[in-house]
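Residue numbers (the working numbering): 22 to 181.
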Ligand SMILES: [Zn+2]
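Here's what the structure looks like:
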């Protein structure tokens, strides 16, 4: 009887840990509901480089046209990986604007690099904004440095 009780207690603890972990996943700053996410890549909602779920890491999603097809990456990290190591010819690079949750031209975005909000695939987070005021406000609240796409790209390259 005692063994069964211990086993049951163990099961209850194990299942509550699973629930806690699920809550943590839902609380990621990057996450949006699948309804809020724009998926420009045909066929799948996962990053072609690392396989992570795109809506779960939506606020750091990037997209690019590679050989006539849209590819959608979980992060700048995976876009850099594809371009630098798989030699993907990435054209028309886009990034999610954290404020509007819409894709914008990455080369015109303002990136906040190194804020206290956690990054995707990187210890140093990179969040993009369409408007400089939004980026400055985010950096004031969360720390980090505002920079352009090329500078953020070079920061992401340092992870490899
Ligand atoms: Zn990825």
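C-beta: ideal position from N, C-alpha, C; glycine also. Predicted, not measured: the structure shown is a model, and the values here were computed from it.
Where does residue i sit, in a helix, a strand or coil, going by DSSP?
i	result
residue 101	helix
residue 48	coil
residue 159	helix
residue 92	strand
residue 174	helix
When DSSP builds the beta bridges, which residues end up paired with residue i?
i	result
residue 168	132
residue 125	116
residue 141	Partner(s): none; residue 141 has no beta bridge.
Check whether the Cβ atoms of residue i and residue j sit closer than 8 Å, and answer yes or no.
i	j	result
residue 119	residue 80	yes
residue 121	residue 147	no
residue 127	residue 98	no
residue 104	residue 86	no
residue 136	residue 163	yes
residue 141	residue 51	yes
Problem - Whole alpha helix (DSSP H) elements within the segment 52 to 89, 4-residue minimum - result: none
Exercise for the section: Collect the residues with a C-beta less than 6 Å away from any heavy atom of ligand 1 and give them in sequence order along the chain. Expected result: 68, 70, 71, 73, 94, 95, 96, 99, 142
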